[in-house]
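For reference, the structure discussed in these notes is given below.
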Amino acid sequence: MDVAQLPRMARRRIATREKILREALDLFARRGFESTTVDEIVARADVAKGTFFNYFPRKEALIEHLFENRLRASVSSATDLLSVAIPVRDKLLDLFCEAASGHEGDEPLTRDLFALEAARALSPASDEEYGRHWGLIVSELVQQGLRSGEIRAGVDATRARTVLNAVYVAVLAAWASAVPGSYDLRENMREHVLLVLDGLGG
Numbered sequence: 074m075d076v077a078q079l080p081r082m083a084r085r086r087i088a089t090r091e092k093i094l095r096e097a098l099d100l101f102a103r104r105g106f107e108s109t110t111v112d113e114i115v116a117r118a119d120v121a122k123g124t125f126f127n128y129f130p131r132k133e134a135l136i137e138h139l140f141e142n143r144l145r146a147s148v149s150s151a152t153d154l155l156s157v158a159i160p161v162r163d164k165l166l167d168l169f170c171e172a173a174s175g176h177e178g179d180e181p182l183t184r185d186l187f188a189l190e191a192a193r194a195l196s197p198a199s200d201e202e203y204g205r206h207w208g209l210i211v212s213e214l215v216q217q218g219l220r221s222g223e224i225r226a227g228v229d230a231t232r233a234r235t236v237l238n239a240v241y242v243a244v245l246a247a248w249a250s251a252v253p254g255s256y257d258l259r260e261n262m263r264e265h266v267l268l269v270l271d272g273l274g275g
């Protein structure tokens with residue numbers, strides 16, 4: 074539904090949440106996640122501290138929300154790939170490269186997210202839903218490859234999905250930890266996913 078069609082109170086809540094998120098991300102970019110306090114965020118967003126916690130139960134939830142939105146966008150885009158009449162190899166390359174490109178320019182925040190996940194094993198319920206959809210899309214593309222012969226017979230679709238996702242996460246984590254601008258994320262992702270697809274090839 075278009076936000077403009079929502080009741081006034083709902084529109085105000087969305088606007089408040091987005092303002093908090095926008096100001097927080099600007100502070101994170103300027104000062105770093107660890108150095109930014111909730112007090113600074115609410116001051117910049119001009120909201121009460123209680124209002125902040127109504128939307129985000131902890132500071133880490135701001136980054137989780139950002140990446141949830143990116144995952145949601147990736148899932149939406151990936152769903153369209155299922156019915157496109159191009160080789161499965163190209164579909165999988167597009168899937169992972171497009172998802173990676175959504176992080177370009179955000180190395181510090183991507184690094185912060187990986188650090189949070191490693192330290193606290195974060196797995197927000199909202200992310201789990203889109204994570205499952207993502208996994209189903211990758212599995213279906215692998216199955217398409219098996220049916221078309223682009224992926225050799227006998228390949229276990231679940232294992233193939235696991236390997237592809239693991240490569241995606243590893244490349245993204247390495248890029249986030251590298252010197253900003255030292256290499257092209259999308260091209261690096263393409264090269265690594267191609268290595269996996271070459272191994273799966275029929």
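Read in the numbering used here, the sequence shown has 224 at position 151, and its numbers run on one by one without any break. Backbone N, C-alpha and C define an ideal beta-carbon position, used for all residues, glycine too. The structure presented is a predicted model; accordingly, all values stated were derived computationally and were not measured.
- Buried or exposed: Thr231, going by 16 or more other Cβ atoms within 10 Å of its Cβ? Flag for Thr231 reads exposed.
- Note down, one range per segment and in chain order, each alpha helix (DSSP H) of at least 4 residues found wholly within the stretch 154 to 190. 161 to 174
- Task: Can you have a look at Glu137 and say buried or exposed, based on whether 16 or more other CB atoms are within 10 angstroms of its CB?
- Result: buried
- Message: Whole angstroms are fine: how far does the CA of Ser108 sit from the CA of Pro197?
- Response: Residue placement at Pro197 is flagged as unreliable, the pLDDT there being 38, under the threshold of 50; the coordinate-derived value follows with that caveat. Using only the alpha carbons, I get a separation of about 23 Å.
- Give me the Cα-Cα distance between Lys73 and Leu214, rounded to the nearest whole angstrom. Not covered by the structure: residue 73. The range shown for the chain is 74 to 275.
- Kindly confirm or deny that the stretch 256 to 275 and the stretch 217 to 224 touch, where touching means at least three C-beta pairs closer than 8 Å. The stretch 256 to 275 vs the stretch 217 to 224: in contact.
- Task: Report the rounded CA-to-CA distance for Leu135 versus Thr110, giving the unit in angstroms.
- Result: 12 Å
- Message: Using the three-state DSSP reduction, which class does Gly227 fall into: helix, strand or coil?
- Response: coil
- Item | Environment of Asp257 [buried if 16+ CB atoms lie within 10 Å] | Answer is exposed; the Cβ neighbour count stays below 16.
- Report yes or no: do the stretch 239 to 252 and the stretch 141 to 158 share at least 3 C-beta pairs separated by less than 8 Å? no
- Item | Residues near Gln217 in its chain [Cβ-Cβ closer than 7 Å; skip 5 each side] | Val161
- Nearest neighbour of Leu94, chosen from Ala116, Gly175, Trp248 and Asp229 [CA to CA]: Ala116
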